[in-house]
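Undergrad:
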């Protein structure tokens, strides 16, 4: 089991060192919330801030979401669990941040929990990974020997549904949507400003929280995130009405991986799959 | 009255649209259900066009582009292939009948292929019946 | 009798389906056969094997057992043909039809019945340890994976003890598997019995899972490659030579004894070198020994020559003049070395046989780098003699 | 509120037979913003055109819909009509009711219904049309050719002969390229120098050619018709305006450098001309070999130069050139085969690369045309190894196309110049070219031995020191061959120049994974590139022989001429543009555009599109997640409106 205390200590130690040495301007990590179960994303900018840093099994936030708040070229240290590290890689691929501007504080974590349900989220939303894909400094010991669970295993149940059931399921889910856009806010890949849904020219969809507009919003968003979603599951945890968006994203990710042979956010030198092609891509993908 | 589906066709200017013209020039008859929008390249097709078409009541959507390797813009259809494949998977997982969306490579010389594809696709959509899942009216009724 | 043949594409299809997909890529340029160490000395011809496979010709069974899966041809192939997969697939298709040669039957039979290729009693798997070494428990760091060959083969049990002693010297937290495990299945997979392999694999997997094994040490490069590439799990697994090299580097093991200027040459085992890309670690171990000069044979590292023991070769009868290990020992002698060092129990067995039949045991001895290091730490494991485990 | 006129054509009975045209016109008049709707027998006839023009004036129409044949037929005609009548030509929409309705439908009800739907879509779309203007630019009549090998020379001469100004840029100190290194050319065996040097001289003498040797491209700006190219003239340390090519300096020079021309087989002076027939015949100083630059004293060349042409203080300079089109002909390299340790290149002196072998045959070469080994002895047995690094997934997958033929040529020359036994180790002999198969037959008859099998290893002989053993399987008999030879010639893969990716970046050419330049279309536009006005010729596109290279060079010259022979050019109006307020800086457009039209402005954090490069495919607009890119004439709004219109009926 992950030693959260050790990671927290190492996090503080490294944050302090980096800030002191002036190597970074800010350390993006987790800070105390109103209770243990609700830590907050936290940006430590001074040595005094470092004391407020925490790390525990509820620190799910994908810190990569906050990278783009800082001007281009800002030196940033960022705490990165497996999914966060994939988000960072994806953002580097998309040239939203530069690798050389980042100090990645890798966190191998096992036993992360959903603060709402208290269930362990690991294999559900970390692409089967426990160790960060990329890091400069590792804050805990690498985790090995865990049974590899395909991140797509949870899909089986939905893939087995017939299309009518699936439609009924998604329709009922999408109908719940209150268009608060918490999913978009939580997503490290949703950095569009303005989001297509907020535009009037063209007006892609109805803005009222009603079925047709909801459907258009979510379907389009699934497409925009296709081949980019790094499976952190933050969208679903953020959703106040508990729409399991991660399932849909996972399905699209699975299809993309099968069709294009590349998972999002795994290699710095990859190109996002939907702005790339291979001459050898098969027409079978269209069947 | 039998069900006459509304089918949206989106065709690239250089291959499929020209192929469709050729079908006309050679007087190949096919069902009237497909209405074609012309774009310059199949890569111009924004996936939202397709989602939107279904919301606006399309019973089927047919996209036509140049054969891979023959794109007038060299690589446009290679991007389109990936993007439209993903669009298809999304629609399928949402629960739409997979047969309602189809992509075909039809060159400027394949008038007969265009006619055949339209024939086949129309028959297929007729079999599937009206598309009511994404269509806006139906959605609102149920809501 | 007619000399005409007709391609039998069903057979070729069967090979493809058994994993020989790469068959289709070959354009018969002869790089593989030119590279293969067997071509000059036997009638085994890897290119012809592929050709026969492509067209499903009869007669393939005459030379399909020649390959020792050394991977030299795979590395050189200009078409990226995975020749070992083809060999495995062809053997799978044919051995399914009962084509196993006599010399391989006992080893495959032993694996099927006893879970090890040495006809050893499964209950006595750990007898070599004489209860001196601990069984693996969850809280331990390393599982020292004891390959069947070092458990049962009398020569190689010495390697098992040497490894165990060094692990203790380095004060690592480690244990050996219980007798519930069996052979990793590498050789039987290469011989083509994929079903048996799956069975062996699942037994081991069950053990690993039940005991939460995360980190492993192997001494056999064959086990190393199999766990890494064929078991579908992400184990943190090292070859003992790698571990030794880093322990020496970190100063946790300090070679003491001066060997007084002996010459040691190192043979790259195919599964450690070409299959796993480990060339430097065993050399680093040798270089750390005082009074030892490391000399290289003509063919070394990526171009090293196979001992002939892989792919089931260890159990096959080969005629004099058709043994790679003989040639390799001669190459070693040509360097003037007194010790032929290696890092694989199969290589040790093959070379010891050759040294005996070539009658050169006064000129050169075979040692594992582990044994060399143990010697330099001045630890004696050879007393008392005479209680080696029983061979059934 | 727009004012739309709808004009329904009968096309005789072509349309009217399966569509009720008057009903269609009536229907049109009920649609939003339509102020006039008419039908007429032939809209494309003069009276039809006049009808449209009159209505535009009379009804103050600002948009016109012609419901007739395919836009591919008469869009141009009607654009001119409305333009003449004072409307912007892009305010036109064509509804294709002939090719895509009346000719493909038998039932008049069905035909009329489909036509109505299409027309409705067109009205929805027309309401959102915006006027567009195309730009007309002046075209510079000059052409730059990059690379002075046989391709560049040929293209330069062709263009210069038509009277166009040509700038021929070469990075070495002479033109001539690889062809100047060869002794004979296959399959005719004519002397390479004899056919090449007259052309080199013609380049030098041509009044329309500015020869820029020892130069490299440093920056390319502009677009088709108006390229603005900065060329770096590397310091020669010899003032070529003063130098009279007496070459007294080269005799006295003590510095020794590696002779590139002789493939490093011999040394040359630090101040040198690469070879006797070099063009220009004026020397340069190789800094890395010059005693003065290395040790701070010498300057012997300066002392013997009567013209006072030596200038050790010379610096690189930059020259700006303006041209209308560019031909890139940067040629090839041979792969360095020393990493392929099994062949022993660089380890055994008896192993030669193909270009080294070429120099051994050449009478101006290091051995004066005598074939001898590095130790001066004549080889008794020679093995020529095909496909080294070519047709090899570990290196280069492509076939290098010329090796089979030059290997045959080598065999012939070895037979002619030595008494050695010559062996060819090959996989397949590829002799597809005029006279090639005949040449192959000729070489077979010269008693060259062909062994079908790729060589696995070249090793030193243990019995005969200095000799080499070539090991391969003769795949025809299945025998393992160990052949003792004195000389091994490798035929390495032909690969792009080491800096081809850099050149590609400068000219915005795409390259394949190894660096060969990509043509616009492999069959129908093999010399054009995705960058308008930039053409490619010769081996920088793919391996090829001299006849094909020359043919490409002529073709590229003709292609360049189609641009620079015009005074003015019209640029596409239906291009894409970026609305910076909506751009989220994802750079998807930059990644996908085949033409490099969008560029990311890091300062502003938004993409910008160079409209001169845009071809209007709309790909960028569809990958733009924030709809910041407007694909003119096919905007998101226009397409969505059309879809909505089509789906209403």
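Protein chains in written order, with this note's numbering: chain A, 1 to 287; chain B, 1 to 143; chain C, 1 to 392; chain D, 1 to 649. Just so you know, even glycine gets a beta-carbon here, dropped at the ideal spot from N, CA and C.
If distances are taken between C-alpha atoms only, which option among 182(A), 21(A) and 216(A) comes closest to residue 196(A)?
TA: By one-based count along the first chain, residue 196(A) stands at place 196. Comparing Cα-Cα distances from residue 196(A) to each of 182(A), 21(A) and 216(A), the minimum goes to 216(A).
Undergrad: For residue 219(C) and residue 111(C), which I take to be in contact (beta-carbon distance under 8 Å), what is that distance rounded to the nearest angstrom?
TA: Translated into the one-based positions of the third chain, residue 219(C) becomes position 219. Translated into the one-based positions of the third chain, residue 111(C) becomes position 111. Rounded, the Cβ-Cβ distance is 19 Å, inconsistent with contact.
Undergrad: Would you check if there are 3 or more beta carbon pairs closer than 8 Å linking the segment 459-467 of chain D to the segment 424-442 of chain D?
TA: Segments in contact, no.
Undergrad: Thinking just about the alpha-carbon of each residue, which of 243(D), 177(D), 312(D) and 214(D) is nearest to the one in residue 277(D)?
TA: Numbered from 1 along the fourth chain, position 277 holds the residue referred to as residue 277(D). When each option's Cα is compared against that of residue 277(D), the closest is 177(D).
Undergrad: Could you tell me which chain A residues have their CB closer than 9 Å to the CB of residue 55(B), listed as they occur along the chain?
TA: One-based indexing of the second chain puts residue 55(B) at position 55. Ordered by position in chain A, the residues that pass the 9 Å Cβ test against residue 55(B) are 205, 212, 215 and 216.
Undergrad: For residue 16(B), decide whether its Cβ has a neighbour in chain D, counting only Cβ atoms nearer than 8 Å.
TA: Looking up residue 16(B) in the second chain gives position 16. No - not a single Cβ of chain D is within 8 Å of the one on residue 16(B).
Undergrad: Using a threshold of 8 Å, state whether the C-beta atoms of residue 44(B) and residue 622(D) are closer than that.
TA: For the purposes of this step, residue 44(B) is taken as the residue at position 44 of the second chain. For the purposes of this step, residue 622(D) is taken as the residue at position 622 of the fourth chain. Taking 8 Å as the Cβ cut-off, residue 44(B) and residue 622(D) qualify as a contacting pair.
Undergrad: Report the option in 143(D), 100(D) and 328(D) whose CA atom is closest to the CA atom of residue 504(D).
TA: Residue mapping note: residue 504(D) aligns to position 504 of the fourth chain, counting from 1. Comparing Cα-Cα distances from residue 504(D) to each of 143(D), 100(D) and 328(D), the minimum goes to 328(D).
Undergrad: Please tell me whether residue 659(D) and residue 365(D) are closer than 8 Å, where the distance is taken between their beta carbons.
TA: Since the first residue of chain D shown is 1 and the last is 649, residue 659(D) is not available in this structure.
Undergrad: What's the call for residue 165(A), buried or exposed, on a 16-neighbour Cβ count within 10 Å?
TA: Walking along the first chain from the start, residue 165(A) turns up at place 165. Classification for residue 165(A): exposed.
Undergrad: For residue 233(C), go through chain A and note every residue whose CB falls closer than 9 Å to its CB, in chain order.
TA: As a working note, residue 233(C) is residue 233 in the third chain. Per Cβ cutoff of 9 Å: 145, 147 and 148.
Undergrad: Taking the alpha carbon of residue 37(A) as the point to measure from, which residue in 26(A), 45(A) and 61(A) has its own alpha carbon closest?
TA: Counting from one through the first chain, the residue named residue 37(A) turns up at place 37. Of the candidates 26(A), 45(A) and 61(A), the one whose C-alpha sits nearest the C-alpha of residue 37(A) is 61(A).
Undergrad: Can you pull the chain D residues whose beta carbon is under 9 Å from the beta carbon of residue 222(A), in chain order?
TA: The residue given as residue 222(A) occupies position 222 in the first chain. What residue 222(A) touches in chain D: nothing, since even the nearest Cβ is about 12 Å away.
Undergrad: Is the number of C-beta pairs between the segment 94-101 of chain D and the segment 609-629 of chain D that are closer than 8 Å three or more?
TA: As far as the Cβ criterion goes, the segment 94-101 of chain D does not touch the segment 609-629 of chain D, which means the pair count is below three.
Undergrad: Would you mind sorting residue 277(A) into buried or exposed? The rule is 16 or more other CB atoms within 10 Å of its CB.
TA: In the first chain, counting from the first residue as 1, residue 277(A) sits at position 277. It is buried - the Cβ of residue 277(A) has at least 16 other Cβ atoms within 10 Å.
Undergrad: At least one CB of chain A closer than 8 Å to the CB of residue 636(D): is that the case?
TA: Looking up residue 636(D) in the fourth chain gives position 636. Yes, residue 636(D) counts as interfacial toward chain A.
Undergrad: Counting beta carbon pairs with one atom in the segment 25-34 of chain C and one in the segment 438-455 of chain D, are three or more of them shorter than 8 Å?
TA: Judged by Cβ distances under 8 Å, the segment 438-455 of chain D makes contact with the segment 25-34 of chain C, as three or more pairs qualify.
Undergrad: Assign residue 67(D) to one of three DSSP states: helix, strand, or coil.
TA: Here residue 67(D) refers to the residue found at position 67 when the fourth chain is read from its first residue. Three-state result, residue 67(D): strand.
Undergrad: Taking only beta-carbon atoms, is residue 68(D) less than 8 Å away from chain C?
TA: The residue labelled residue 68(D) in the question sits at position 68 within the fourth chain. Not one chain C Cβ lies under 8 Å of residue 68(D).
Undergrad: Name the one or two DSSP bridge partners that residue 237(C) has.
TA: The residue given as residue 237(C) occupies position 237 in the third chain. Note: residue 237(C) sits in a beta bridge opposite 216(C).
Undergrad: Closer than 8 Å is the cut-off here; do at least three beta carbon pairs connect the segment 267-276 of chain D with the segment 150-165 of chain D?
TA: No: fewer than three Cβ pairs fall under 8 Å.
Undergrad: Would you say residue 587(D) faces chain A, with C-beta separation under 8 Å as the test?
TA: By 1-based counting over the fourth chain, the position of residue 587(D) is 587. Yes, because at least one Cβ of chain A sits closer than 8 Å to the Cβ of residue 587(D).
Undergrad: Residues in its own chain within less than 8 Å of residue 25(B) by CB, not counting five upstream and five downstream?
TA: What you label residue 25(B) is simply residue 25 of the second chain in a count that begins at 1. The residues are 111.
Undergrad: Can you give the Cα-Cα distance for residue 44(A) and residue 3(A), rounded to whole angstroms?
TA: Translated into positions along the first chain, residue 44(A) becomes position 44. Translated into positions along the first chain, residue 3(A) becomes position 3. Those two C-alpha atoms are separated by around 22 Å.
Undergrad: Roughly how many angstroms separate the alpha carbons of residue 240(C) and residue 368(C), rounded to a whole number?
TA: Within the third chain, the letter at position 240 stands for residue 240(C). Within the third chain, the letter at position 368 stands for residue 368(C). Roughly 11 Å between the two C-alpha positions.
Undergrad: Of the choices 647(D), 581(D), 594(D) and 159(D), whose alpha-carbon is the least far from that of residue 626(D)?
TA: Position 626 of the fourth chain holds residue 626(D). Of 647(D), 581(D), 594(D) and 159(D), the residue nearest in Cα terms is 581(D).
Undergrad: Using C-beta distances below 6 Å, list every residue in its chain close to residue 302(D), excluding the 5 sequence neighbours before and after it, in chain order.
TA: Here residue 302(D) refers to the residue found at position 302 of the fourth chain. Here the set comprises 310.
Undergrad: Of all Cβ atoms in chain B, is any one closer than 8 Å to the Cβ of residue 41(D)?
TA: Numbered from its first residue, the fourth chain carries residue 41(D) at position 41. Not one chain B Cβ lies under 8 Å of residue 41(D).
Undergrad: Run down chain D in chain order and give the residues with a C-beta less than 9 Å from the C-beta of residue 33(C).
TA: What you label residue 33(C) is simply residue 33 of the third chain in a count that begins at 1. Going along chain D in sequence order, the residues near residue 33(C) (Cβ under 9 Å) are 453, 456, 472, 473, 475, 478 and 480.
Undergrad: Could you tell me the boundaries of the beta strand (DSSP E) in which residue 223(D) lies?
TA: Taking the fourth chain and counting its residues from 1, one reaches residue 223(D) at position 223. Element bounds for residue 223(D): 215-223.
Undergrad: List the residues of chain A that residue 236(C) touches, going by C-beta distances under 9 Å, in chain order.
TA: On the third chain, position 236 is the one that residue 236(C) refers to. Here the neighbours are 142, 144 and 145.
Undergrad: Taking 8 Å as the threshold, find out whether the segment 606-614 of chain D comes into contact with the segment 555-568 of chain D through three or more Cβ pairs.
TA: No, the segment 606-614 of chain D does not touch the segment 555-568 of chain D.
Undergrad: What is the rounded straight-line gap between the Cα of residue 526(D) and the Cα of residue 71(D)?
TA: For the purposes of this step, residue 526(D) is identified with residue 526 of the fourth chain, where counting begins at 1. For the purposes of this step, residue 71(D) is identified with residue 71 of the fourth chain, where counting begins at 1. For residue 526(D) and residue 71(D), the distance between alpha carbons rounds to 29 Å.
Undergrad: How would you call residue 292(D), buried or exposed, if buried means at least 16 neighbouring beta carbons within 10 angstroms?
TA: On the fourth chain, residue 292(D) is found 292 positions in, with the first residue counted as 1. Result: buried.
Undergrad: Can you check whether the C-beta of residue 29(C) is within less than 8 Å of a C-beta belonging to chain D?
TA: Here residue 29(C) refers to the residue found at position 29 of the third chain. Residue 29(C) counts as touching chain D.
Undergrad: Around the C-beta of residue 392(C), are 16 or more other C-beta atoms found within 10 angstroms, so that it is buried, or is it exposed?
TA: Reading the third chain from its first residue, position 392 is the one you call residue 392(C). Annotation note: pLDDT 40 at residue 392(C) (below 50); position unreliable, coordinate value reported separately. Its Cβ having fewer than 16 others within 10 Å, residue 392(C) is exposed.
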